[in-house]
Structures are given as structure tokens and as C-alpha cells.
Ligand SMILES: *Cc1c(COP(=O)(O)O)cnc(C)c1O
């Protein structure tokens with residue numbers, strides 16, 4: 017009898033850990049060397065030649081992320097690490113050729129939409145934006161040239177939930193691959209490759225590193241050796257590489273990811289329930305609330321509902337910004353996934369093309385005690 021597969025929590029706790037055979041150090045060293053000795057027979061005995069091509073800390077991180085996203089799939093799972101989430105996304109889009117077409121979410125991460133609309137249009141890659149919560153709209157947006165369908169779930173900043181399985185079926189029937197940005201959910205809460213996605217993208221900057229002190233990205237691919245080779249060309253040949261220290265820090269973050277996510281989710285749920293019934297709040301976007309339009313799909317495809325939420329303050333932009341300015345435990349800053357709670361007025365950050373309602377505040381719920389966070393919100397929201 018083969019042993020039961022390990023839980024994601026256990027895999028994460030052991031991410032990147034092997035005892036160093038020389039020193040017996042329990043935590044791996046950081047390899048800053050740029051070059052590695054060649055043997056008399058011309059080989060590279062440890063498989064490393066030059067740090068742009070491959071580095072031990074990068075290889076460790078890539079193996080750990082492939083393991084976490086791959087779950088118990090039997091297919092070949094590859095991971096290619098990048099120096100930022102956007103570099104990872106850029107590399108995925110560079111696997112396309114002139115004449116290809118992408119279907120992307122209407123409320124995609126702002127810079128993804130920007131790249132597709134402005135940059136890749138000049139390289140002859142077409143794009144259509146669709147409401148990913150309606151698989152028939154995805155089908156309608158596809159053309160014979162569609163090679164990639166982009167999913168982001170939960171989405172930013174409206175926390176829309178896309179049914180990964182349904183959209184993957186639509187995409188595959190039209191001959192397109194599916195890429196899913198899994199930054200907000202993390203592989204602890206959602207594993208898109210096991211739901212039919214071909215590629216998963218991460219800004220490791222966020223929950224995976226988890227301390228607001230590393231910028232990083234990664235692409236994890238199920239099968240699709242051509243795509244993996246193209247991604248590796250961008251990384252190894254074009255030199256879009258994360259530093260050994262950054263890879264080491266992300267791998268360290270993975271080891272506490274499970275317990276951090278548990279606390280992020282618990283706190284987000286407490287805040288969502290508090291905000292949901294508050295008279296100064298018009299609407300809460302959080303898939304963990306039973307009345308949220310994405311609740312049912314999220315419950316089906318996620319192990320839990322995540323640490324991000326947004327809410328619309330009654331009174332529009334002026335009132336929303338006054339609330340953000342008045343909070344003391346929430347730092348007014350962009351980004352997410354760190355121990356500290358962050359609040360952001362999205363519409364003014366994104367500019368005129370933003371889909372965020374003027375009264376919307378996005379919250380990255382941190383690891384503080386939820387009672388303290390609720391007391392802070394209560395103080396500024398109460399009229
Ligand atoms: C932050 C983020 C990115 C971009 O990652 P960077 O590391 O900032 O380049 C992409 N997608 C989502 C969902 C993000 O939150």
C-alpha cells in the first residue's frame with residue numbers, strides 16, 4: 017500500500033528543506049556564487065554551471081512551488097521563478113506569437129490589462145476582455161486565434177469568483193490554454209492545475225513570501241513542454257532571474273504559509289461579517305459571505321476564502337478616503353499578503369480607466385487580533 021499523499025500544510029512546512037550534507041545545517045545556505053566548477057570530463061557534477069542558467073536556491077524554490085501547486089497530479093509539473101509577479105506574467109504572454117489572441121478578465125489585475133492593451137497589441141497579439149464569471153461570455157469572446165484564456169480568481173479588487181473548471185472546459189474545447197493567477201488564493205486554498213488550468217502564475221511578493229519584503233514571481237506549468245521551454249528561455253537566456261536571497265526568502269515564507277493563511281482567513285471572515293451589517297457600508301465583496309455572488313463556486317473550488325476583501329463606503333470617494341485616512345491599525349498602502357493590515361482606495365490608484373467604484377476600499381487583512389481591527393473600523397465608520 018502506498019502511503020497517503022501529504023496534506024498541503026505538511027508540504028508547505030517542509031518547503032525547500034533538506035539537511036545540508038556537509039554541515040548538517042537544517043536550513044539551506046544562500047548560494048551567492050555566480051559560477052560553478054567544471055569537472056575534468058567536461059561535466060558539471062552538481063548540475064550547476066552559471067547562476068543565470070540555474071542556481072541552487074532558485075531550483076529549491078521552483079521544486080517547492082511545483083510540489084505545492086501540483087497536488088497529487090501524475091503529470092509533469094514544472095516551475096519557472098521570476099523576479100516579480102509581472103515578470104512572470106510578461107513571460108507567459110511572451111510564449112504567444114503575432115496573430116495569437118488572448119481572452120482576459122474584464123477586471124484583470126490592472127497591469128495585466130495594461131500590458132495586453134498597450135504593449136502586446138504592438139507585437140500583434142490581440143485581446144478581448146470578458147466577464148469570467150459567465151463561461152458563455154468566455155466562449156463568445158474566443159476566436160479561432162485564441163491561444164490563451166486568462167483567469168484571476170478571486171479577482172482584484174471586486175473579489176469576483178471564476179469557475180476554473182467550467183472556463184477551462186470552454187477554453188480547451190476551443191484549443192486554448194488556461195492560465196490562472198493564483199496570487200490571492202495561494203496553493204494552500206486553491207490549486208488551479210488540479211481544476212483544469214494549464215498554467216498558474218504567482219506574485220510571490222504577496223502571501224508566499226508573506227512579509228512585504230521580497231518582490232518575486234513564478235509560473236507553474238502542467239505538461240506543455242513547449243511552453244515550459246519558452247518560459248525558461250525568457251528566464252535563463254534573456255536573464256529574467258530572481259536573486260538567490262529572494263528565492264531563499266520566498267522558500268522560507270512557504271514554511272509558515274499554512275498557519276498564516278488560516279489566520280488571514282479567520283480575520284477576513286470576522287471583518288466581512290462586521291462590515292456586512294454596518295449601516296455606513298453599502299456592500300462587502302468577500303466570497304466567504306453566504307450572500308456573496310461567488311460564494312457557491314468559491315466553496316466548491318477553494319479550501320477556504322482568503323484574506324482579501326473590499327467594501328464600498330456609503331458617501332462615495334470623499335467618505336471612503338476619510339475612512340482610509342482615519343484608520344490607525346491599517347496602513348494606507350498598496351500590495352497585500354503581509355502580517356500588517358493594509359487599506360487602499362483603488363479607484364484613485366488605478367486612475368480613470370478603473371472599474372473600482374469610487375467608494376471602494378480594498379483591504380489586505382493582516383495577522384493582528386480581529387477585535388482590534390474591528391474596533392479601529394468601528395471608530396471611523398460610526399457616523
Ligand atoms: C501583485 C500582483 C501581481 C503583480 O506582482 P508584482 O510582484 O507586483 O509584479 C499580479 N497579480 C496579482 C493578483 C497581484 O496581486
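In the numbering used here, the protein residues as written are 17 to 399.
Idealized CB from N, CA, C, for every residue including glycine.
Is it true that the CB of residue j sits closer than 8 Å to the CB of residue i?
i, j, result
"residue 396", "residue 379", "no"
"residue 201", "residue 318", "yes"
"residue 107", "residue 251", "yes"
"residue 29", "residue 271", "yes"
"residue 70", "residue 61", "no"
"residue 162", "residue 192", "yes"
"residue 215", "residue 235", "yes"
"residue 209", "residue 238", "yes"
"residue 50", "residue 177", "no"
"residue 371", "residue 336", "no"
"residue 74", "residue 97", "yes"
"residue 356", "residue 347", "yes"
"residue 302", "residue 288", "yes"
"residue 155", "residue 118", "no"
"residue 184", "residue 213", "yes"
"residue 256", "residue 151", "no"
"residue 276", "residue 383", "yes"
"residue 164", "residue 137", "no"
"residue 181", "residue 211", "yes"
Am I right that residue i and residue j are in contact with their C-beta atoms under 8 Å? What's the rounded C-beta distance?
i, j, result
"residue 328", "residue 375", "5 Å"
"residue 227", "residue 269", "7 Å"
"residue 284", "residue 325", "5 Å"
"residue 130", "residue 143", "11 Å between Cβ atoms; not a contact."
"residue 113", "residue 166", "Residue 113 to residue 166, Cβ: 17 Å. No contact."
"residue 401", "residue 280", "In this structure the chain extends from 17 to 399, so residue 401 is not present and cannot be described."
"residue 84", "residue 24", "6 Å"
"residue 388", "residue 352", "That belief does not hold up - the Cβ atoms of residue 388 and residue 352 are roughly 19 Å apart, past 8 Å."
"residue 273", "residue 224", "7 Å"
"residue 21", "residue 47", "Actually they are not in contact, since the Cβ atoms of residue 21 and residue 47 sit about 30 Å apart, beyond 8 Å."
"residue 102", "residue 233", "7 Å"
"residue 222", "residue 199", "5 Å"
"residue 246", "residue 111", "4 Å"
Would you say the beta carbon of residue i comes nearer than 7 Å to a heavy atom of ligand 3?
i, result
"residue 366", "Ligand 3 is not part of this structure, which contains only ligand 1."
Residue i bridges to which residues according to DSSP?
i, result
"residue 320", "Bridge partners of residue 320: none, in fact."
"residue 23", "BP columns for residue 23 are empty, so no partner."
"residue 236", "95 and 216"
"residue 121", "146"
"residue 401", "Residue 401 is absent from the structure shown; the chain starts at 17 and stops at 399."
"residue 301", "326"
"residue 378", "326 and 360"
"residue 348", "359"
"residue 223", "According to DSSP, residue 223 bridges with nothing at all."
"residue 178", "Paired residue(s): none; residue 178 is not in a bridge."
"residue 14", "Within the shown structure, residues of the chain are numbered from 17 to 399, placing residue 14 beyond reach of any answer."
"residue 249", "Answer by DSSP bridge pairing: none, since residue 249 is not bridged."
"residue 162", "117"
Give me, in chain order, the residues of the same chain whose beta-carbon lies closer than 6 Å to that of residue i; leave out the 5 immediate sequence neighbours on both sides.
i, result
"residue 147", "122 and 153"
"residue 145", "120 and 122"
"residue 179", "313"
"residue 298", "328 and 330"
"residue 362", "173, 372, 376 and 378"
"residue 127", "102"
"residue 244", "94 and 237"
"residue 65", "52"
Please check if any C-beta of chain D sits within less than 8 Å of the C-beta of residue i.
i, result
"residue 237", "Going by chain labels, chain D is absent from the structure shown, which holds only one protein chain."
Who are the near neighbours of residue i in its chain, counting only those whose CB is closer than 7 Å to its CB and skipping five residues on each side?
i, result
"residue 350", "360 and 365"
"residue 311", "303 and 305"
"residue 190", "158 and 162"
"residue 294", "397"
Which residues in the same chain have their Cβ closer than 8 Å to the Cβ of residue i, if we skip the five residues on either side of it in sequence?
i, result
"residue 290", "390, 393 and 394"
"residue 33", "42, 43, 44 and 271"
"residue 82", "93, 94, 95 and 236"
"residue 139", "114"
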